[in-house]
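Residue numbers (this note's numbering): 88 to 794.
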C-alpha cells in the first residue's frame, strides 16, 4: 500500500501498490479492511520522515488491532520527496527498531546495502535481524507468513541525495564506474529490472538495441551489475573523457561576436518558458537569468512548477524580464505568450503546457531532442521513444523557421564530460541566437555568484554560443571520434549481408558464414519472385545472423579481445584504470542463497589473458572437444539455428501475398530471444509458445490460399 512521500509513486508503476492515505495514517485503513478481505497480509510503505512525524501512531493502532501487516520503513536519510531536506529531529534505524518494539512489534528486520556498518545488533531492539538488500525477497516472504505486525527497515540513502552530496564533497565518491561492452550486451533488460535505474539507458546499434551507462546521471548504486550478463565491467580510477581536453577551440570560434539582443519595450515583458526534468538544472537556468536581469537593473518574475519527483519529474520555469516591475502582470506564462521556449527535455516541451505557450510564427523554440527515457523503460525494454512525433508537434506549433532542434545532451556531455552541462550549453546557444534579453557578461557574473561548478558552467555557456555560431564544427569536435568507433548501420540490404558475413567469418569460419549467406539467398529469391520486396530477406539477414552468432564463451571472449572493446574504453575514459570483469563461468558459478539463481563472480584484469586464449579456441565450437557445447543452453542454441533454417525453407516454398504478414512475424521472432542463462531460458519459453501460434497461423493462411 502507498502513503505520503516519494514511495507514493509506486502506486502508478505497475508494482501492485494500491491506495494511499493521509500523512501518518499509513496502514490504519487496513484495520477496517482486513476483516472483509481475502488477502491475509499486506505490506505498507512508510517513509522515515512520515514515520517521525506521525507514522508511529498508525503502527501503534495496527498493533492494538492485531492485524497482519508489515511496515516497510524506508530510511533514506532525507525528506526526498521535496528536495532532500534533512528529517527534523534525530532518527536512526536503531531508534526506530527500539521504538516499534516498545509499541509491541515483535518481528523487526533491517535490510541495508551496507549491512557491514552494523557489526553488532547491540543498539537495536532485541531480536532484530540485519540482512543485505539482496535478501529482501526472502525477508519479505518471512514477514508475509508472520501473524501480526512486523517491521522491515530498509536502510539506504536516497540515490539522488547521494549524488547531490558527492558533488558537494559531503559524501565519499567511489572511484569505481560501470561500463557495458555493447557488443556483448543482448539488450534483454535484466540489468534494468535488477536495478530499476534510469541511468541504464538504451543504445540503438546496427546489431540491435543495447544498453549503456549514463555516467553523468549514475548514482553509483551498482545494482545493475547484478543483471545476469557478462557485458558489465568495473572501471576503477578512470574518469569520463572530455573532448575539450583533447581538441582546442577552432580559430574561427575563439572570438564570438555579440548578438543583437531582444529590445525590451515599456509594458511588454520578455517571456521565457524553460522546460525539463528535475535534477538537471532547469531551475538553475531561471535563477541565473533572473540574477542577470537583477545585475542589469531590470525587473523580473519567476515561478517554478515541479513534477512528482525532485529527480526525473517534469519541471517548468516561467520567467518574465521587463524594464519595470509594473510591466509584469501575471507571473505564469499563459496561452501563446512565450517569446522563447527553451526546451531542455523534448517530452516536457512536447506536452500541452509548453505547446499552449507557443504562438505560431512568433515564439522561438530551442529544443534538446535527446531521448531522455522514463521509468517505463525499466519495465519495457522495447519501449520506443516518440521522438519523431514530439519533433513534429513542436515544429508545427512554432513553425519550422522558429524551431531549432538538436541533440544538446550528446554534444555537451562529450565536450564537458557531464550531462549536467547540457542546460547551460542550451542557454549559450539561445544567447548567441539573440533570444535572451540580458548580456553575456551578466549571465557569466550570475554563474560566478551562484558559486557551483563555476568553471564548467562558464565553459558550457561558451560552447553553446560556439555551437550556435557553427553547429557542424562543434558537433564534429565532440562526436567525430565516437562515431568512428561504432559500426554504422548499413545503408542497404547488401551492406547488411556483407557486414554479417564478415562478422560470422570472424565468429567461426568462412564455411559457417556461407551457411548464413545461403539462408538469406533462399528468402531473397522467394521474395523477388513474389513482389520484388526485401522486407523478409532483411528479417532473415538480421535474425538468422542473431541465432547463428549466439554468444557462447568463445564469442564473449572474442568480443572482449578483438580490439573494439579496448578502443571504446579508451575513448570513454581517461586516467589509470583498473578493470574488473563480472562473469559467471560454467563450473565456477555459485547459486545465490536467497534466490537460488546463479550469480556472477568478480575477476581482475588477468581475466583478459584468459579471454584471449579462449577466443583463439573458437575453432572447437560444435566439435567433440567443445567442453561448453554439451550444456543444455548450447544444444538449444544450435537447435534454434536448424529450426530457423527449416522455417526459412518452408516460408520460401509457400510464400504468397496472403501469408506475407504472417511470414514476417515468424521470421522476426528471434528478436525476443535475449539474454544469458536463466534470463534467456525465460525469454525462449515465451518465444516457443508464440512461435507455435505463428507457425500454425502461417500454415492456415497458406492452406486457405492454396485452396
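We treat Cβ as the ideally placed atom computed from N, Cα and C, and that holds for glycine. The structure displayed is predicted, hence computed values, not measured ones.
query: Grab me the residues of residue 419's own chain with a C-beta within less than 7 Å of its C-beta, minus the 5 sequence neighbours each way, in chain order.; result: 390 and 405
query: When you compare the CB positions of residue 148 and residue 185, do they come within less than 7 Å of one another, or not?; result: no
query: Do you know whose CA, among 381, 483 and 386, lies nearest residue 797's CA?; result: The structure shown has nothing for residue 797, since the chain only spans 88 to 794.
query: Looking at C-alpha atoms only, which residue of 421, 660 and 558 is the closest neighbour of residue 340?; result: 558
query: Does residue 277 come out as helix, strand or coil in the three-state DSSP assignment?; result: helix
query: What residue does the beta strand (DSSP E) around residue 802 start on, and which one ends it?; result: Lying outside 88 to 794, the shown extent of the chain, residue 802 is not represented and no answer is given.
query: Quick one, which of 338, 575 and 307 has its alpha-carbon nearest residue 323's?; result: 307
query: Pull up the distance between the alpha-carbon of residue 547 and that of residue 531, whole angstroms please.; result: 11 Å
query: Applying the criterion that 16 or more other CB atoms from any shown protein chain within 10 Å of the CB defines a buried residue, is residue 88 buried or exposed?; result: buried
query: Let me know the secondary structure DSSP gives residue 289 once reduced to three states.; result: strand
query: Classify residue 739 as helix, strand or coil using the three-state DSSP reduction.; result: helix
query: For the beta strand (DSSP E) holding residue 588, just list the boundary residues, first then last.; result: Element bounds for residue 588: not the beta strand (DSSP E) but the alpha helix (DSSP H), 580-594.
query: Under 8 Å, with one C-beta from each stretch per pair, do the stretch 610-622 and the stretch 281-291 reach the 3-pair mark?; result: no
query: Note down, in chain order, each residue of its chain lying with its Cβ closer than 7 Å to the Cβ of residue 545, except the 5 sequence neighbours on either side.; result: 531 and 534
query: Can you tell me which of the three DSSP states residue 491 falls into?; result: strand
query: Mind checking residue 609: buried by the 16 CB within 10 Å criterion, or exposed?; result: buried
query: Among the candidates 431, 567, 381 and 401, whose CA atom is the shortest distance from the CA of residue 407?; result: 381
query: Counting Cβ pairs closer than 8 Å, one from the stretch 623-631 and one from the stretch 266-275, do we hit at least three?; result: no
query: Following the continuous beta strand (DSSP E) through residue 457, name the residue where it begins and the one where it ends.; result: From DSSP, residue 457 is part of no beta strand (DSSP E); its letter is neither H nor E.
query: Determine the contact status of residue 509 and residue 499, defining contact as a CB-CB distance below 7 Å.; result: yes
query: Suppose you measure from the CA of residue 191 to the CA of residue 260; what does that come to, to the nearest Å?; result: 40 Å
query: Less than 8 Å between the CB atoms is what I'm expecting for residue 663 and residue 708, so what's the real figure, rounded?; result: So it is not a contact: roughly 36 Å between Cβ atoms.
query: Counting C-beta neighbours from all protein chains within 10 Å, is the total for residue 550 16 or more, i.e. buried, or is it exposed?; result: buried
query: Can you have a look at residue 467 and say buried or exposed, based on whether 16 or more other CB atoms are within 10 angstroms of its CB?; result: exposed
query: Would you mind giving the Cβ-Cβ distance between residue 402 and residue 364, rounded to the nearest angstrom? I have them listed as a contact below 8 Å.; result: 6 Å
query: Just reading off the alpha helix (DSSP H) that residue 652 is part of, what are its end residues?; result: 651-659
query: Which same chain residues end up closer than 7 Å to residue 536 when comparing Cβ atoms and leaving out the 5 residues on each side of it in sequence?; result: 378
query: Can you tell me the Cβ-Cβ gap for residue 197 and residue 217, rounded? I've got them flagged as a contact below 8 Å.; result: 5 Å
query: Ends of the alpha helix (DSSP H) at residue 631?; result: 622-635
query: Quick check: what's the CA-CA separation for residue 665 versus residue 762?; result: 26 Å
query: Apart from the five residues just before and just after residue 127, which ones in its own chain have a Cβ nearer than 7 Å to its Cβ?; result: 155
query: Tell me whether residue 571 is buried or exposed, calling it buried when 16 or more other Cβ atoms sit within 10 Å of its Cβ.; result: Its pLDDT being 45, under 50, residue 571 is placed unreliably in this model, and the value from its coordinates should be taken loosely. Under this definition residue 571 is an exposed residue.
query: Residues in its own chain within less than 7 Å of residue 234 by CB, not counting five upstream and five downstream?; result: 155
query: May I ask you to list the residues that DSSP assigns as paired with residue 352?; result: 355
query: Would you be able to state if there are at least three C-beta pairs under 8 Å between the stretch 485-505 and the stretch 443-460?; result: yes
query: Which runs of the beta strand (DSSP E) fall wholly inside the stretch 703-765 and span at least 3 residues, in chain order?; result: none
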